[in-house]
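Protein chains in written order, with the numbering used here: chain A, 1 to 191; chain B, 1 to 191; chain C, 1 to 191; chain D, 1 to 191.
Think of the CB as a built atom: it goes at the ideal place given N, C-alpha and C, for glycine as much as any other residue.
Just so you know, these numbers come straight off a predicted model, no measurement behind them.
Structure record follows, encoded as structure tokens.
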DNA sequence: GATGAATGAGTTTTCATTCAT
DNA sequence: TATGAATGAAAACTCATTCAT
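As structure tokens, this is what we get:
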């Protein structure tokens with residue numbers, strides 16, 4: 001029931017936004033009462049924090065697995081891009097909430113999430129820096145800025161990409177990987 | 001006074017979000033009463049629409065100037081990237097509202113804005129398609145998808161880039177242009 | 001209208017207690033809406049503070065007048081006792097709220113009221129001390145403790161005394177003055 | 001466990017008031033669940049009634065012992081004053097609840113408690129009347145009113161007296177007995 | 001142009017109580 | 001005896017909007 005509340009609230013948050021979604025809206029979708037909601041969550045903000053925590057924790061765990069498993073820096077980067085974009089299929093809605101609603105967490109919680117977001121970003125930045133060192137990526141790149149560019153590409157796709165359309169998640173990942181790589185690869189040649 | 005209301009509301013919308021900002025919050029910052037607000041705006045949503053309209057109209061106008069003025073497709077693309085990123089300096093706050101709060105427009109108005117957004121996007125898509133045709137860009141690219149990638153890079157920068165930091169708007173534009181070009185340019189070589 | 005809200009809320013607070021009285025209860029008695037209440041008061045606690053402030057400020061002002069006007073310490077004390085008890089007639093309800101509900105003020109406000117209560121008490125204590133000095137009252141008394149005893153007598157009367165019964169406010173004051181005096185007067189003889 | 005619930009609830013009622021204390025607050029202090037509470041008490045009001053009943057029954061029993069044991073009316077009165085004030089030490093918290101929260105009993109129970117309060121008061125009134133008859137106290141006193149004065153003195157002390165301060169319960173009783181006596185005693189002379 | 005007062009519908013949250021296990 | 005989950009009613013408070021002046 002708690003997980004049902006989370007699931008439905010995510011859909012509503014995507015559709016109407018966090019502030020514009022009322023507890024009443026949420027409980028109505030599964031036919032329980034507001035009291036029930038507050039049995040499971042201390043507050044509306046606590047629910048939002050729950051959503052954010054689970055999402056980024058899961059993402060970080062899988063990112064670490066990739067970094068431990070893949071061999072070349074290029075492969076690592078490709079896998080991370082696929083990780084983010086691949087999620088649109090199963091967790092697109094959560095992702096949209098995650099990218100959009102962090103400002104409705106109270107400062108204390110926002111700081112925790114921002115810390116984890118930074119860790120996720122730092123992992124990419126380090127990956128780029130090491131790839132440059134290893135001559136896999138272009139020397140003149142600034143890892144920090146390129147990291148933001150890559151995240152812009154992947155994260156923005158949550159705003160427009162419909163995985164049920166004619167383009168699959170796999171195909172989009174491939175295109176974006178190609179786009180990113182042949183901008184940062186030390187040789188400028190395409191495949 | 002109307003423009004003062006717009007200016008202050010933009011700041012508040014950035015800080016707290018549209019839903020979480022009350023008319024009272026807005027009028028308090030300039031020391032007038034709610035009645036005054038309703039003399040100038042029909043509703044809270046009308047104010048939001050006003051902000052959206054001016055922003056996208058201005059952007060479209062400048063984009064068209066670029067498309068009419070610049071020569072090569074490469075130069076056109078570079079200028080459009082600079083247009084978006086350069087705006088962070090003077091209109092960063094409006095941009096953040098524009099990217100974030102469209103879902104609080106009523107459907108009728110949202111449709112208008114979505115139309116103009118699509119026009120802005122289509123212009124880039126067309127530019128890419130023509131660039132491919134003209135052999136300036138790689139043949140195998142899908143203009144529509146690459147457009148989203150480019151917009152991801154530029155629009156996402158509104159979320160993190162601080163133009164008062166050590167990196168200037170000019171420098172960021174240059175880096176991103178380079179990053180984009182040498183991923184889409186038919187020759188893979190960097191400058 | 002603001003004063004009407006205060007008046008009715010006092011009656012309800014006496015009857016049901018502060019916590020058990022809802023804003024709805026209050027506004028219902030004068031047929032306005034909750035919104036109106038919150039236009040005039042920032043919160044329920046602010047209303048309670050308003051009641052407390054006015055009551056004690058008025059009391060202190062009148063106590064000071066007495067201390068400045070009356071001649072002997074005995075007369076001053078009698079007048080203060082009459083002040084407190086006499087108020088039951090016109091402000092009995094406010095007094096009952098004042099004595100009972102201070103713990104529902106937020107700490108910040110409670111401290112202010114406690115300060116003024118202490119001032120009122122200190123004035124009596126000083127009066128007693130000076131009366132002892134002047135040989136009007138018994139030497140062995142501890143002014144501080146006797147002050148509490150006197151306040152106990154007068155304040156407790158708000159809990160049981162009905163000024164519309166067979167005993168008038170004047171008569172009660174006289175009885176209590178007599179009771180107090182011939183316990184503290186240096187001669188133990190009654191009149 | 002039942003007695004533990006009573007003990008902790010008394011502390012909370014003193015601190016926050018009956019209405020402002022939730023069942024959750026109570027059970028949290030001893031680490032059980034609300035269900036447990038309702039195994040032991042039919043309702044929140046039943047708990048309050050339990051507290052009131054035990055307190056006044058105990059007080060009445062001890063008052064009767066005093067009335068049966070002590071010889072002179074003066075001694076009886078002194079012992080009753082000591083009884084009330086002495087309780088601040090061991091049962092100060094219950095007393096504060098008892099004086100303050102009677103209005104949260106349902107009418108049926110409030111009537112029972114009011115009856116017992118009246119009995120306690122009547123015993124003092126009778127004691128005074130007999131003392132007057134026996135020439136121990138002043139003829140012109142109205143026993144009923146003086147009873148309220150005495151109760152005012154003693155009961156009010158629950159609002160300010162800290163038995164852990166520099167003044168002991170014994171000392172306070174002595175002072176108040178002296179204060180009361182040499183106001184009502186037929187001879188006006190102090191000890 | 002601007003204000004002050006009011007509204008009504010809605011918001012988040014609390015809480016005494018119940019009950020199957 | 002005790003718990004965990006749920007309820008329903010009500011609480012305090014907010015807020016976009018209106019309107020007479």
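What did DSSP end up calling residue 18 of chain A once you bin it into helix, strand or coil? As a position in the first chain, residue 18 of chain A is number 18, starting the count at 1. In this structure, residue 18 of chain A counts as coil in the three-state DSSP scheme.
On the three-state DSSP scale, how would you describe residue 161 of chain B? Taking the first residue of the second chain as position 1, residue 161 of chain B is located at position 161. In the three-state reduction of the DSSP assignment, residue 161 of chain B falls in the coil class, being assigned neither a helical nor a strand state.
Contact under 8 Å by Cβ, residue 67 of chain C with residue 76 of chain C: For the purposes of this step, residue 67 of chain C is taken as the residue at position 67 of the third chain. For the purposes of this step, residue 76 of chain C is taken as the residue at position 76 of the third chain. Yes, the Cβ-Cβ distance between residue 67 of chain C and residue 76 of chain C is below 8 Å.
Can you confirm whether residue 173 of chain A, when its beta carbon is compared against all beta carbons of chain B, has any partner nearer than 8 Å? Residue mapping note: residue 173 of chain A aligns to position 173 of the first chain, counting from 1. The C-beta of residue 173 of chain A comes no closer than 8 Å to any C-beta of chain B.
With residue 78 of chain B as the anchor, note down where its alpha helix (DSSP H) starts and where it stops. Counting from one through the second chain, the residue named residue 78 of chain B turns up at place 78. Following the DSSP letters along the chain, one finds residue 78 of chain B inside the alpha helix (DSSP H) bounded by residues 73-100.
Taking residue 132 of chain A as the query, report the chain B residues whose CB atoms sit under 7 Å from its CB, ordered along the chain. Residue 132 of chain A sits at position 132 when you count from the first residue of the first chain. Residues of chain B passing the Cβ test: none, with the nearest at roughly 13 Å.
If you follow the alpha helix (DSSP H) that residue 168 of chain A is part of, which residue opens it and which one closes it? Walking along the first chain from the start, residue 168 of chain A turns up at place 168. First-last for residue 168 of chain A: undefined, no H or E at that position.
Could you work out which residue in A/96, A/35, A/72 and A/78 is closest to residue 56 of chain A when comparing CA atoms only? Within the first chain, numbered from 1, the residue matching residue 56 of chain A stands at position 56. Proximity to residue 56 of chain A across A/96, A/35, A/72 and A/78 peaks at A/96, based on C-alpha coordinates.
Exposed or buried, what is residue 39 of chain A when buried is set at 16 or more other beta-carbons lying within 10 Å of its beta-carbon? Walking along the first chain from the start, residue 39 of chain A turns up at place 39. It counts as exposed.
Where residue 33 of chain A and residue 143 of chain D are concerned, what is the direct C-alpha to C-alpha distance, given to the nearest angstrom? Indexing the first chain from 1 puts residue 33 of chain A at position 33. Indexing the fourth chain from 1 puts residue 143 of chain D at position 143. Distance from the CA of residue 33 of chain A to the CA of residue 143 of chain D, rounded to the nearest whole angstrom, comes to 58 Å.
Measuring CA to CA, which of A/18, A/7, A/141 and A/80 is closest to residue 123 of chain A? Your numbering for residue 123 of chain A matches position 123 in the first chain. With respect to the C-alpha of residue 123 of chain A, the residue from A/18, A/7, A/141 and A/80 having the closest C-alpha is A/80.
Using a Cβ cut-off of 8 Å (strictly closer), state whether residue 170 of chain A contacts chain B. Residue mapping note: residue 170 of chain A aligns to position 170 of the first chain, counting from 1. Closer than 8 Å: no.
Check the Cβ-Cβ distances between residue 98 of chain D and every residue of chain C, and say whether any is below 8 Å. Numbered from 1 along the fourth chain, position 98 holds the residue referred to as residue 98 of chain D. Answer no: the Cβ-Cβ gap between residue 98 of chain D and chain C never drops below 8 Å.
Determine which residues of the region 98-130 of chain C have a Cβ less than 8 Å from any Cβ of chain D, and write them out in chain order. Listed by position along the chain: 100, 103 and 104.
Let me check understanding here. Comparing Cα to Cα, which of B/65, B/22 and B/10 lies closest to residue 54 of chain B? Residue mapping note: residue 54 of chain B aligns to position 54 of the second chain, counting from 1. Distances from the CA of residue 54 of chain B to each of B/65, B/22 and B/10 were compared; the closest alpha carbon is that of B/10.
Those runs of the alpha helix (DSSP H) which lie wholly inside the region 96-143 of chain D and span at least 4 residues: Residue ranges of uninterrupted alpha helix (DSSP H) with 4 or more members, entirely inside the region 96-143 of chain D and ordered along the chain, are 107-133.
Contact criterion: CB-CB distance below 8 Å. Does residue 142 of chain A meet it with respect to chain B? What you label residue 142 of chain A is simply residue 142 of the first chain in a count that begins at 1. Yes, its Cβ sits closer than 8 Å to a Cβ of chain B.
Which of the three DSSP states, helix, strand or coil, is assigned to residue 27 of chain C? Walking along the third chain from the start, residue 27 of chain C turns up at place 27. Of the three classes helix, strand and coil, the one that applies to residue 27 of chain C here is helix, per DSSP.
Note down, in chain order, all residues in the region 149-167 of chain B with a beta-carbon under 8 Å from any beta-carbon belonging to chain A. Listed in chain order, the positions of the region 149-167 of chain B with a beta carbon within less than 8 Å of a beta carbon of chain A are 149, 151, 152, 153, 154, 155, 156, 157, 160, 161 and 167.
Mind checking residue 78 of chain B: buried by the 16 CB within 10 Å criterion, or exposed? Residue mapping note: residue 78 of chain B aligns to position 78 of the second chain, counting from 1. Looking at its Cβ environment, which holds 16 or more other Cβ atoms inside 10 Å, residue 78 of chain B is buried.
Which residues mark the beginning and the end of the alpha helix (DSSP H) in which residue 69 of chain B is found? To locate residue 69 of chain B, count along the second chain from 1; it is residue 69. That run of the alpha helix (DSSP H) goes 44-69.
Using alpha carbons as the reference points, say which of A/181, A/117, A/167 and A/136 lies closest to residue 160 of chain B. Residue 160 of chain B sits at position 160 when you count from the first residue of the second chain. Answer by Cα proximity: A/117.
Given a cut-off of 8 Å, decide if residue 18 of chain C and residue 59 of chain C are closer than it, judged by their beta-carbon atoms. As a first step, residue 59 of chain C is located in the third chain; it is residue number 59 there, counting from the start. As a first step, residue 18 of chain C is located in the third chain; it is residue number 18 there, counting from the start. At the C-beta level, residue 59 of chain C and residue 18 of chain C stay beyond 8 Å of one another.
Going by Cα to Cα distance, which pick from D/166, D/8, D/132 and D/65 is closest to residue 37 of chain D? Indexing the fourth chain from 1 puts residue 37 of chain D at position 37. Selected option, being the one with the closest Cα: D/8.
C-beta atoms of residue 156 of chain C and residue 151 of chain D nearer than 8 Å: Position 156 of the third chain, counted from the first residue, corresponds to residue 156 of chain C. Position 151 of the fourth chain, counted from the first residue, corresponds to residue 151 of chain D. Cβ atoms of residue 156 of chain C and residue 151 of chain D: closer than 8 Å.
Anything in chain A within Cβ reach of residue 176 of chain B, meaning under 7 Å, just list it in chain order. To locate residue 176 of chain B, count along the second chain from 1; it is residue 176. Counting only Cβ-Cβ distances below 7 Å, residue 176 of chain B has contacts in chain A at 149, in chain order.
Go ahead and label residue 133 of chain B buried or exposed: buried means 16 or more other beta carbons lie within 10 angstroms of its beta carbon, across all protein chains shown. In the second chain, the residue the question calls residue 133 of chain B occupies position 133. Classification for residue 133 of chain B: exposed.
Have a look at residue 194 of chain B and residue 136 of chain B and give me their C-alpha separation to the nearest angstrom. Absent from the model: residue 194 of chain B. The displayed extent of chain B is 1 to 191, so no value can be given.
For residue 1 of chain A, three-class secondary structure by DSSP: By 1-based counting over the first chain, the position of residue 1 of chain A is 1. Looking at residue 1 of chain A - three-state DSSP - the assignment turns out to be coil, as it is neither helix nor strand.
Straight-line Cα distance separating residue 181 of chain B from residue 173 of chain B: Looking up residue 173 of chain B in the second chain gives position 173. Looking up residue 181 of chain B in the second chain gives position 181. Approximately 12 Å between the Cα atoms of the pair.
If you compare alpha carbons, which of B/154, B/146, B/179 and B/171 is closest to residue 138 of chain A? Numbered from its first residue, the first chain carries residue 138 of chain A at position 138. Out of B/154, B/146, B/179 and B/171, B/179 has the C-alpha closest to the C-alpha of residue 138 of chain A.
Contact list for residue 13 of chain A against chain B, beta-carbon separation under 7 Å: Along the first chain, one-based indexing puts residue 13 of chain A at 13. Listed by position along chain B, the residues whose Cβ is nearer than 7 Å to that of residue 13 of chain A form an empty set, because the closest Cβ is around 11 Å away.
Is residue 177 of chain C helix, strand or coil by DSSP? The residue labelled residue 177 of chain C in the question sits at position 177 within the third chain. It is helical.
Closer than 8 Å, Cβ to any Cβ of chain C: which residues of the region 66-99 of chain D, in chain order? For the region 66-99 of chain D, which is checked against every Cβ of chain C, not one residue is closer than 8 Å.
Could you check if residue 24 of chain C is buried or exposed, using at least 16 other CB atoms within 10 Å of its CB as the buried criterion? Residue 24 of chain C sits at position 24 when you count from the first residue of the third chain. Exposed, because fewer than 16 other Cβ atoms sit within 10 Å of the Cβ of residue 24 of chain C.
Could you check the C-alpha separation between residue 26 of chain D and residue 62 of chain A for me, to the nearest Å? Position 26 of the fourth chain, counted from the first residue, corresponds to residue 26 of chain D. Position 62 of the first chain, counted from the first residue, corresponds to residue 62 of chain A. Approximately 44 Å, taken between the alpha carbons.
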